[in-house]
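Trainee: Could you have a look at this structure, given as structure tokens, before my questions?
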Amino acid sequence: MDGKMVEYLQKVKADYDDELYFKDIDSKYREWIQNVTSGTDKKILNELFYNLRFFSKKEIKSLLKEKMIVFKKDNNNFNTTALLPLTPIDGRYSGSNEMISLVKELDMEEQVKGTRLLPYRDSIINDIKYADDSNTLIFIDDISGTGGTVRKFVNYHHKKMQGKKIVFLFLAVTEQAIDEFNSLSKCYTEIEIEFVYCFELKKLSAIEILSKEEFDQLYSMEEGLWGENNRNILGYEQSELLVLFSHNIPNNTVSSFWYYSDKDPDKWKRLFVRITAPNRRKQNYSNKKRKQMPNG
85 MDGKMVEYLQ
95 KVKADYDDEL
105 YFKDIDSKYR
115 EWIQNVTSGT
125 DKKILNELFY
135 NLRFFSKKEI
145 KSLLKEKMIV
155 FKKDNNNFNT
165 TALLPLTPID
175 GRYSGSNEMI
185 SLVKELDMEE
195 QVKGTRLLPY
205 RDSIINDIKY
215 ADDSNTLIFI
225 DDISGTGGTV
235 RKFVNYHHKK
245 MQGKKIVFLF
255 LAVTEQAIDE
265 FNSLSKCYTE
275 IEIEFVYCFE
285 LKKLSAIEIL
295 SKEEFDQLYS
305 MEEGLWGENN
315 RNILGYEQSE
325 LLVLFSHNIP
335 NNTVSSFWYY
345 SDKDPDKWKR
355 LFVRITAPNR
365 RKQNYSNKKR
375 KQMPNG
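Residue 85 is where the sequence shown starts when you use the working numbering, and the numbers rise one by one after that.
Next up, the structure:
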């Protein structure tokens with residue numbers, strides 16, 4: 085391990101000693117960097133790590149609190165406002181639920197001090213179907229990499245949104261997501277929609293930390309992991325992001341950080357575990373198929 089990386093790891097441990105993702109980061113890094121043998125490949129992975137944008141829990145709460153204060157002032161102290169997770173239309177748990185939990189935590193901290201961030205017990209609701217009495221709906225999520233989740237959500241719920249002010253809040257977005265937001269606003273002119281975000285993240289190819297040759301080599305490395313034309317090469321739909329949240333690493337992040345194979349766990353040692361789980365229906369189908377297979 086070179087001196088620059090030793091110094092970087094020491095700084096990371098000092099800054100984020102209470103963050104789960106950086107527990108035992110030295111040993112995790114050593115395993116991860118040993119996935120490759122050539123000096124060029126090691127340099128590529130190191131550059132990715134040096135430039136990874138980490139959002140700690142402390143920073144996320146600070147960003148959310150800042151936005152909540154502004155929203156509360158601009159929306160009649162939240163008297164007719166509801167906060168909701170931007171839940172995927174299949175209803176599964178996502179990073180948006182983590183964001184809502186942190187808003188609730190902020191409200192609890194304010195109540196301990198004798199004040200309130202949220203005025204009512206139902207200032208936070210879990211589903212838009214309970215929002216009939218709210219004039220303003222604020223949907224919160226951690227990241228929008230392509231804008232696809234928002235597009236599906238609005239397409240599915242647009243009738244329930246009519247006559248209300250709709251705000252989508254994200255910690256981070258991409259240029260592609262912003263373009264999708266603008267397209268949505270033009271498509272649904274009958275709905276007052278506002279998109280708010282804290283940071284715009286640039287693609288790996290745009291921040292130019294790798295030469296063209298190094299970028300092509302990284303693509304080849306990830307293609308070797310996933311297979312040709314896989315949608316997760318360089319992050320979902322080639323998002324090419326370098327971002328990590330305290331609660332998870334999104335699939336928009338370059339997959340060299342989080343790739344893992346259940347069938348071959350030794351194929352690639354990931355640096356950060358991506359928190360996910362099998363799809364229940366697909367898992368049940370696979371189990372059923374195995375039971376139907378003849379023995380021997």
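Cβ coordinates follow ideal geometry from the N, Cα and C atoms, glycine included.
Just so you know, these numbers come straight off a predicted model, no measurement behind them.
When DSSP labels each residue in this structure, what does residue 380 get in the three-state scheme?
Mentor: As a working mapping, residue 380 is identified with position 296 in the sequence shown. Low confidence applies to residue 380: its pLDDT is 43, below 50, so where it sits in the model is not reliable, and the reading given next is rough at best. In the structure shown, residue 380 falls within a coil segment according to DSSP collapsed to helix, strand and coil.
Trainee: Determine whether the beta carbon atoms of residue 147 and residue 271 lie at a separation below 8 angstroms.
Mentor: To locate residue 147, count along the sequence shown from 1; it is residue 63. To locate residue 271, count along the sequence shown from 1; it is residue 187. No. Outside cutoff.
Trainee: Any chance you could list the beta strand (DSSP E) runs of at least 3 consecutive residues sitting entirely within the region 174-246, in chain order?
Mentor: 220-228
Trainee: Output the distance between the C-alpha atoms of residue 263 and residue 198, rounded to the nearest integer angstrom.
Mentor: The residue given as residue 263 occupies position 179 in the sequence shown. The residue given as residue 198 occupies position 114 in the sequence shown. Their backbone Cα atoms lie some 42 angstroms apart in a straight line.
Trainee: Give every residue of the same chain whose Cβ lies closer than 6 angstroms to the Cβ of residue 149, excluding the five residues on either side of it in the sequence, and list them in chain order.
Mentor: The residue labelled residue 149 in the question sits at position 65 within the sequence shown. These residues qualify, in order along the chain: 190.
Trainee: Nearest to residue 219 by CA position, among 228, 207, 225 and 229, is which residue?
Mentor: As a working note, residue 219 is residue 135 in the sequence shown. Residue 219 has its Cα closest to that of 207, out of 228, 207, 225 and 229.
Trainee: Please go through the same chain and pick out, in chain order, the residues whose beta-carbon is closer than 7 angstroms to the beta-carbon of residue 93, but skip the five residues on each side of it.
Mentor: Along the sequence shown, read from residue 1 onward, the residue named residue 93 stands at position 9. Only 109, 110 and 113 meet the Cβ criterion.
Trainee: So what does DSSP say about residue 369, is it helix, strand or coil?
Mentor: To locate residue 369, count along the sequence shown from 1; it is residue 285. For residue 369, the pLDDT reaches just 43, beneath the cut-off of 50, and the residue's location in the model is therefore unreliable, although a value from the coordinates is still provided. Correct three-state label for residue 369: helix.
Trainee: Where do the ends of the alpha helix (DSSP H) carrying residue 265 lie?
Mentor: Here residue 265 refers to the residue found at position 181 when the sequence shown is read from its first residue. That run of the alpha helix (DSSP H) goes 259-271.
Trainee: Throw me the rounded Cβ distance for the residue 181 and residue 172 pair, which I believe falls under 8 angstroms.
Mentor: Position 97 of the sequence shown holds residue 181. Position 88 of the sequence shown holds residue 172. Incorrect: roughly 11 angstroms between the Cβ atoms, too far for contact.
Trainee: Out of 258, 350 and 268, point me to the one whose CA is closest to residue 251's CA.
Mentor: In the sequence shown, counting from the first residue as 1, residue 251 sits at position 167. Nearest option by C-alpha distance: 268.
Trainee: Within 10 Å of its beta-carbon, does residue 332 have 16 or more other beta-carbons around it, so buried, or fewer, so exposed?
Mentor: Here the question's residue 332 lines up with position 248 in the sequence shown. Buried.
Trainee: Could you check the C-alpha separation between residue 402 and residue 325 for me, to the nearest Å?
Mentor: Examination of residue 402 is not possible in this model, given that the chain is present from 85 through 380 alone.
Trainee: What does DSSP give as the partner residue(s) for residue 254 in the beta ladder?
Mentor: Numbered from 1 along the sequence shown, position 170 holds the residue referred to as residue 254. Answer is 225 and 281, bridged to residue 254.
Trainee: Could you tell me the distance, in whole angstroms, from the CA atom of residue 97 to the CA atom of residue 106?
Mentor: Indexing the sequence shown from 1 puts residue 97 at position 13. Indexing the sequence shown from 1 puts residue 106 at position 22. Near 7 angstroms, if we compare the C-alpha coordinates of residue 106 and residue 97.
Trainee: Taking the C-alpha atoms as reference points, what is the distance between residue 371 and residue 351?
Mentor: Along the sequence shown, one-based indexing puts residue 371 at 287. Along the sequence shown, one-based indexing puts residue 351 at 267. Model confidence at residue 371 stands at a pLDDT of 46, short of 50, so the residue's coordinates are unreliable and nothing is read from them.
Trainee: Cα-Cα, which of 193, 87, 232 and 357 is closest to residue 266?
Mentor: The count along the sequence shown starts at 1 and reaches residue 266 at position 182. Of 193, 87, 232 and 357, the smallest CA-CA separation from residue 266 is found for 232.
Trainee: Helix, strand or coil for residue 374, going by three-state DSSP, please let me know.
Mentor: Numbered from its first residue, the sequence shown carries residue 374 at position 290. With a pLDDT of only 47 at residue 374, under 50, the local geometry of the prediction cannot be trusted, and the value read off the model is given with reservation. Helix, per DSSP.
Trainee: If you count every other CB in all the chains shown that lies within 10 Å of the CB of residue 261, and 16 or more means buried, which is it?
Mentor: The count along the sequence shown starts at 1 and reaches residue 261 at position 177. Per the 10 Å Cβ criterion, buried.
Trainee: Taking 8 angstroms as the cut-off, decide whether the C-beta atoms of residue 327 and residue 227 are in contact.
Mentor: Mapped onto the sequence shown, residue 327 falls at position 243. Mapped onto the sequence shown, residue 227 falls at position 143. Taking C-beta atoms as the reference points, residue 327 and residue 227 count as a pair closer than 8 angstroms.
Trainee: Whole angstroms are fine: how far does the CA of residue 131 sit from the CA of residue 277?
Mentor: As a first step, residue 277 must be located in the sequence shown, where it is residue number 193. As a first step, residue 131 must be located in the sequence shown, where it is residue number 47. Rounded to the nearest whole angstrom, the C-alpha separation of residue 277 and residue 131 is 38 angstroms.
Trainee: In the DSSP assignment, what residue or residues form a beta bridge with residue 332?
Mentor: The count along the sequence shown starts at 1 and reaches residue 332 at position 248. Per DSSP, 329.
Trainee: Roughly how many angstroms lie between the CA atoms of residue 126 and residue 342, to the nearest whole one?
Mentor: Looking up residue 126 in the sequence shown gives position 42. Looking up residue 342 in the sequence shown gives position 258. Cα to Cα, the separation comes out at about 16 angstroms.
Trainee: Can you tell me where the alpha helix (DSSP H) with residue 162 in it begins and where it stops?
Mentor: What you label residue 162 is simply residue 78 of the sequence shown in a count that begins at 1. Here residue 162 belongs to no alpha helix (DSSP H), and DSSP marks it neither H nor E.
Trainee: In terms of DSSP beta bridges, what is residue 249 paired with?
Mentor: The residue given as residue 249 occupies position 165 in the sequence shown. DSSP lists 220 and 276 as partners of residue 249.
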